[in-house]
Every structure is written in C-alpha cells, then in structure tokens.
Amino acid sequence: MRAALLLLATTLAALGAPPTPESWFGHKIGADRELLDWAKVVSYFEALGRNSDKIRVSEFGRSAEGRPMIVAMISAPETLRDLDRYREIQRRLADPRITTPEQAEPLFAQGKNVVLITCSIHATEVASTHTAVEFAYRLITEQKPRFQSILANDIVLLAPSINPDGVDIVTQWYRRTLGTPFEGTSPPELYQKYIGHDNNRDWYIMTQPETRAVVGELQNKWHPQIVYDVHQQEATASRLFLPPWLDPIEPNVDPIVAQGMNMIGTSMASDLTSAGFKGISIHSTYDFWSPSRAYQAFHAGLRILSESASAKLATPIDVPFEKLDRQTLGYDAQQSSWNFLEPWPGGHWTLRNIIDYQEAAFESCLYQAAIHREEMLRAFYQVGRNAVNRTEPGFYIPMNQRDPGATRRMLETLNMGQVEVTSSPDAYAIAMNQPYSNYAKALLERQQYPDIREYPGGPPRRPYDVTAHTLPLLFGVSVQRSPVAFLLDRPVLAALSAFNTDSWVAINKIWSAGGRVWRNPESGDFAERAGQNDVEITRPRIALYRSWKPSIDEGWTRWLFEEFGFVYQRVTNQDFDKPDLHARFDVMVFPDQPAADLDTGYKKGTMPGAYTGGISEAGVREIRRFVESGGTAIFLNRSTDYALRHLGVGSASVTDNIPNTEFYSPGSLLNVELDLRHPLTRGLPKYLTIWSEQSPAWEATANSVARYPENEILASGWLLGENVIARKSALLDIMLGKGHIILFGMRPQYRGQSYLTFKLFFNAVLYH
Ligand SMILES: [Zn+2]
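Whatever position you read off the sequence shown (first residue = 1), add 23 for the working numbering.
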C-alpha cells in the first residue's frame, strides 16, 4: 500500500505541469522580432513529453546537416498507450487485399483518424514552428470541448519543422541583420543544404534525408488520412489560403481523395470565418498536378495546404488595403467573391497574427478529422479498394536496358513510394491491382497537361509548378504496357559502359582510390587499363559558381556531384578577381539562374555589402582567359544568356521576346535528336527527352549538338508553339581559343531525376 502510494506520487510528480512556451523561450510566442532556435524547440517538446500523458515525442530522422527531426504524437492517453494497435488498424485499412469489407467494418468504428501536420518546410515561412509549439501546449492543457473531441478521435502527428536546418539558418540570419536596414531579408544561402525551396518538390524522387525520413518513417508507417502542410505566401494576397485546389487535378488522384480535400478545406474556411477571421481564400492560386508536391494524395490520404500571408519574418509590416493584390489567380483581394467572401481590411500584420490564423486552422483541421472520423476511414479504405480492383494492364520494364544503374534507381524510387514490383527473368512488372497503383501510373505514363487559358483565347494559365513527371523518360528506361515482345536484344555492356549510370560513380571511385581511368573515344566506355585507342582521362577539377542570390539549381548541381562522387569547389564573385582560375580548374559550371544574378546580384543597399554585386569586368576577362587557355565553361539554361552578353558567344535564343501565347514550355519533357558524332553524346541514344522550362533554343549551326525535331516535340507535359523551336538547337559546343563554351538549352540535372541527361552534363564536365 505504502509502495503503491509512493509510486503514484512519483508518477504525479513526473507528470508535473507542462512548461508554458513563454517560460521556456523567455518571450511570448509570436512576439515581434523574436524567432526560435531549433535546439530549444526540440527540448521544449521533450519537456512536454515528460510532463503529459497526451503527448509522446520522438526523433524520426536527421536533417542534411545532422539536426534531429522530431514528431510529437498527440492523442488521448489511452490511445497513446496502445499505438501499435492503431498503427495495425491503419495498415489493415490501407491494404484491402489483406482486409475484407467485413473485417474492415469494426475497424471503422475502432480506428482513429491519423493527421500529420508538417511545419516550416520552407524555412523563411517561419510562423508554423511557433504555431506548433503553442498549439501543442494548448491541446494538451486546455479543457476545450473541441480539443477533447480531437484527442478522442484523432492521432495527431505534429512535426514542428521538417526542415530544422532551415529554422536555424533563418533565425541566425535574422538575428544578424536585426536593427539594420536588412532586417527581415532572406538569407543569402539556400535554407536546405542542397535544394532550398525545392524541398517540397522532392516527394517522389526523394533525394534528401528530410524527405526520406518524413515519407519513410511517418507517411509510409502511419498511412495518415490527412497530411496538412503549413506554408506562407506573399504579404498582399489573402490572409490564408485553403483547398479546394485549382484545376488541373492530376488524373490519377482518386476522386474520393479530391472530394475529401474539397470538403476539409471548405469546412476549415467556414470554421475560420465563423471565428471572425477575415481574408480567407479557397480555390485559388494552387493547382494539384505534380505528385512531387502531393505524396499523400497518391497514397489514399488528403493533402491539405494552408498558405498564410507573410510579414517580414518576425518583423511586422503595414499593408494598406489599396496595396492588396487585385490580380491573384482566382480572386481579387480587394473584392468579395464566392471563394473570398470577406476581404481583409488591411493594416498592421505581424508574426502573431499569422500564428493566430494558423492555430485556428490547426484546430479546425483536426476537429473536422475528429467529427468525420468514421466516414473518412471508410473513404480511405474505399480508395484502396478502387486501386486493388483495377483490371487494366500493368507496366513492364524489360531487364534488357542500356542503363542498368538508372533502371535500378528508378525501381528504388518507386519502391520508396510503396509500389510493389515483381520480377521474372525477362522483366520487372508493376501490376495495377495494388494499393498505390495510381502513384505508379502517374510516374510511369506520359502527362497530357490540359490547355488551360486565363480566358478563352487568352494566354496560357501558368501551372503552379511543372507539368511533366514521367520517370522512364527522365531516367532513360524503356517501359511498356504489355508483357509480350521484349524485342530489345540484350546489349553486351562493357564493364564500365558509358551508357550505365553506375559507371560514372565507378570512375570517381577509381580516381578517389588513386587509380587511373581511360576512355574509348568511339564508344565512350571507360576502362581501368588502357585498351587499344583508349585515351587516359584525368579527374576534372571543377569550379561551381555560387552567386549570393541563392540558386536552387546550384544546390541540385552540388547534390549531383556528390551523389556521383565528383569533386568540386564553389567559387563566388570574388574568386574571379584572382587571376589564377585557369591554373586551378579544368571546368567551370554556371547553374541555371537569370544572367542578372551573375551580373549584378543583389543591388547595393538591399543586402549587407559583402553579398551585393556580381562578377566584375576583371572576372569576365578571367573567365575568357580560362576558356582560351583550354578550360571548359558550362552554362546551364538561363545562365547561357550571360555567356552571350559577356563572352559574346552564341546568339539570342529564338524564344526571346516571344509572348507565351506563341511559345510556352512550363516544365516539360521535349524530344531532341543528338549528333552522335559529337563527343558530348557518348553513352547516349540518338533520340532522347530533355527537361525544358522556357529553355533557350538557338538557330542550328555547326556548333549544334542536340536539335529539336520538325514536329511532335512534346514528349510529356505541356508545350505551346513547337514551330518556334522546331529544328533549332538545344545544346551548343562553341570553341574559344583552346577551350570550349557549352550552352545547355535545358536543365540536364533537373531536380536530381533526369538520369538520361546527367550523362550529357557529365560528358561536358569531362570535356577538357
Ligand atoms: Zn512554402
């Protein structure tokens, strides 16, 4: 008895009052000019976990820079004590092949609605980490009836940031610039080590550790019915955006999922309006096309997005009513309309305001999940049934591939997305009667993006992101819809075939181990020992240009180099003023970004002095000397314009000054034909698809390495005005002195997924 009392006392002591956010952080959450440090956010959640039986906190991964990624599981204490059981219910409802409708019936009654809330993936959108801190505290301490309903019906997985490196990058930059003219600016570096703002475009290719942790440890294990991703938008649009989404909706999204997003988003908007929040927009700005932004919607769950109007990080702003945006896609922020019923009157706007809207939205989303619990579990199960009952033919991937490395990586990518692949001696097969066949189909088929105009006969309406996501075209893997006739002869590949993605990893390993590499000038194949006609190639000394205006493509290029084992150095504007570049490097790479970023960078007075300006005139002379003395300068996509303006090579793109009514390729896969006599094309097929984002194209000359065909240029996505680029060049190799300037009218290393054209880029890197 005495022992039992003692034990009870200890338990009560252990469950002391959870600390208030204010006591932990030393200021009220959302106070002007205060941002949070990640370590303190983590320790706060751990303190909540120690002091409440309604919350459990665990680390589920590490970020690119090694910071812990944490999730708080919040629910009723009895639910948290039985989490394994609820996870098993989720697993069984997610796969109707192992659960008959009769078996599912009691699970609808017993199960919980699992809602994953992911905060601050875009680190300058600072508010939601704050919201997560305060909301978690309130949810476990307040006796509000709605909170009781949430705890009873939902399992909340709250990730206070899924980009913790970014939290610290932004907080530290903010503190450094606080009280200066640059207070509230974005940091002059990517806020995720490699891919910055593209980190929410990584959800099918899954290149980054953060993506793999969230998908692998939370989404694939918990099968959430809702993933609510919390963002911020510009200051002058609506105060908060919620679904429904704009058209187009990717055709492989199950209509049950699409209707669910309409329902939850509209209910949240209704709820916030009832609570007095003004300036709520629905059905605007954001379409629902690219799976790179919507993993869960292809896995039977809803993707809810909210976008709050921003302040200047934690610095308040004033937004006069007449400055509110009248041109936002879908509504006029100064006018009432069915999807924007109450305009916000304008005025002072602070971090605290954003948090207030977000907390109301968190509560509403979780409450909708609670009151619709059973019907949402039924809908979730039905989406899986629709998938497993499909009878259409599957996809077949012949074993005979020219690039076994890319084939394996494509299958690994699908596997990470829970696509089941079977194999026979001839082929891999992906059946359509499996739970996530819609996801597989979206990634394996060609996209036909609808021709959507701003008004009938008007200009094309810009897609929110890109329009193509066909992995076989990106990876250079042949795929077919029929199991018969694998006619491809099994190619006899050299050990280090130039066709094979793996060879490029292998040669870097050989170099790193101190070995030597030869290359056959005809086939392009590599060898560790010289064969007849082989030429020794030396490891390229690569300079990668880094401007102070962060370029996501620069980050992707770094990722690519590291993934394949290339060694590189980053060079900034100041490095070009040192007259020894030609001695230090063989190759210089200028990633995709506007020529003005290289030229002028941040203008004086907009950022601290060290980060302003571009490459100087002396720097331009040094680039020229570098090439003339035998170096290779590679310009990717938009930066080719810099080569034209400052090095006088190439000609203006034929797409320059053409209105988008006459030419438009907003992230599409286009067909080109290579000149296989050219050394840049070694290890590549004659016909291939390249990634175009309004990419430049040039009059075809003797320097042309890749050309668009006469017609049928679009391979996947959306293209208007193919006649503008028909027969024009997409890749130029221009001699200057003893060196080369290579202009890519494409993104050859697009978001870490265009394995086919990686090889074009790597050939250019070895081209010295
Ligand atoms: Zn965002």
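C-beta atoms are modelled at their ideal positions from N, C-alpha and C, and glycine is treated no differently. Here the structure is a predicted model, which is why all the values come from computation and not from measurement.
With a 10 Å radius around the Cβ and a threshold of 16 neighbouring Cβ atoms, Leu38 comes out exposed. Per DSSP, the continuous alpha helix (DSSP H) segment holding Tyr380 begins and ends at Leu374 to Ile394. For Asp609, no alpha helix (DSSP H) encloses it, and the DSSP letter there is neither H nor E. By the CB criterion at 8 Å, Gly428 and Thr493 fall outside the cutoff.
In chain order, Val190, Asp191 and Thr194 place their CB closer than 8 Å to the CB of Asp60, counting only its own chain and leaving out the 5 sequence neighbours on each side.
Closer than 7 Å to some heavy atom of ligand 1: that describes the Cβ of Glu148. Counting C-beta atoms within 10 angstroms of its own C-beta, Arg326 has 16 or more neighbours from the protein chains shown and is therefore classed as buried. Asp698 sits in coil when the DSSP states are folded into three classes, being neither helix nor strand.
Taken in chain order, the whole alpha helix (DSSP H) runs of length 4 or more contained in the region 534-600 are 575-587.
Sequence-distant Cβ neighbours of Asp474 in its own chain, meaning closer than 8 Å and more than five residues away, are Pro483, Trp741 and Leu743. In terms of Cα proximity to Pro44, the closest of Ala454, Glu157, Glu716 and Thr580 is Glu157. Annotation: the continuous alpha helix (DSSP H) that includes Pro100 extends over Pro100 to Leu103. Between ligand 1 and the CB of Gln381, the shortest heavy atom gap is not smaller than 7 Å. As the crow flies, the alpha-carbon of Ala521 is around 11 Å from that of Pro544. A direct Cα-Cα distance of roughly 13 Å separates Arg120 from Gln113. Val280: member of the alpha helix (DSSP H) spanning Pro278 to Ser297, first to last residue. The closest heavy atom of ligand 1 lies less than 7 Å from the beta carbon of His145.
Within the same chain, Cβ atoms closer than 7 Å to the Cβ of Thr580 are found at Leu567, Val612, Pro614 and Gln772, the five residues on either side in sequence being excluded. In this structure, the C-beta of His153 stays at least 7 Å away from each heavy atom of ligand 1. Counting only runs that start and end inside the region 154-198, the alpha helix (DSSP H) elements of at least 4 residues fall at 168-176.
Pro91 has its alpha-carbon roughly 24 Å from the corresponding atom of Ile249.
Secondary structure of Gly239 (DSSP, three-state): helix. Per the DSSP secondary-structure output, Pro483 pairs in a beta bridge with Arg476. His254 has its Cβ nearer than 7 Å to a heavy atom of ligand 1.
Asp188 and Ser86 do touch by the CB rule: their CB atoms are close to 5 Å apart, below 8 Å. Fewer than three beta-carbon pairs drawn from the region 531-545 and the region 440-455 are found closer than 8 Å, and the two stretches are therefore not classed as touching. Between the C-alpha atoms of Ala317 and Gly302 there is a straight-line separation of about 25 Å. Note on geometry: alpha-carbon atoms of Val65 and Pro495 lie some 41 Å from one another. Within the region 440-478, the runs of alpha helix (DSSP H) that reach at least 4 residues and sit entirely inside it are, in chain order, 460-467. Around Lys335, the same chain offers Gly207 as residues with beta carbons nearer than 6 Å, after the five sequence neighbours per side are excluded. In the displayed model, His791 falls within coil according to three-state DSSP, outside both helix and strand. With a beta-carbon spacing of about 4 Å, Arg396 and Asn176 fall inside the 8 Å limit used to define contacts.
Nearest Cα to Pro421 within the set Ser505, Met455, Glu365 and Ser359: Ser505. Every alpha helix (DSSP H) of 4 residues or more that sits fully in the region 630-677 is shown, in chain order, as 640-651. Counting the other CB atoms within 10 Å of its CB gives Ser460 a total of 16 or more, which places it among the buried residues.
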